[in-house]
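Structure record follows, encoded as structure tokens.
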Amino acid sequence: MATEQIRLLIRGHVQGVFYRKFAAEAANTLELKGFVRNLADGRVELVAQGEKEKLLAILQWCHEGSPQAKVEEIDSTWTTNLQPFQSFQIR
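Just so we're aligned, residue 16 is where the sequence shown starts under the working numbering, counting upward by one.
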């Protein structure tokens with residue numbers, strides 16, 4: 016299968032609720048590569064590489080988020096310009 020990349024910008028109550036930790040666990044379970052990090056404006060950015068089916072699964076997971084998260088909106092961008100990620104990391 017071809018490797019694709021998605022960039023997600025997640026808005027809502029997503030910082031201080033272990034969103035990144037749970038997102039990294041979900042991404043690792045799906046065998047995705049990339050990273051998740053907090054942004055200064057309160058959003059969370061997630062960049063992931065893998066098979067399209069698995070990327071769609073992480074996108075679905077991101078709508079739910081961690082148990083205490085309240086996701087309001089997700090902006091997604093698909094790209095074929097892949098950065099060389101070796102693992103999935105919390106930044």
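Even for Gly, the Cβ is constructed at its ideal location relative to N, Cα and C.
Problem set entry | Option in 60, 88, 44 with minimal Cα separation from residue 72 | 44
Exercise. Measuring CA to CA, which of 54, 48, 18 is closest to residue 34?
Worked result: 54
For this session: Could you tell me the boundaries of the alpha helix (DSSP H) in which residue 103 lies?
Result: That residue, residue 103, is in no alpha helix (DSSP H); its beta strand (DSSP E) goes 103–105.
Exercise. Can you check whether the CB of residue 64 is closer than 7 Å to the CB of residue 37?
Worked result: no
For this session: Report all residues from its chain with a CB closer than 8 Å to the CB of residue 46; omit the five preceding and five following residues, and keep chain order.
Result: 65, 69
Exercise. Candidates 17, 24, 25, 29: which alpha carbon is nearest residue 107's?
Worked result: Summary: the structure shown does not reach residue 107, with the chain confined to residues 16 through 106, and so no result is reported for it.
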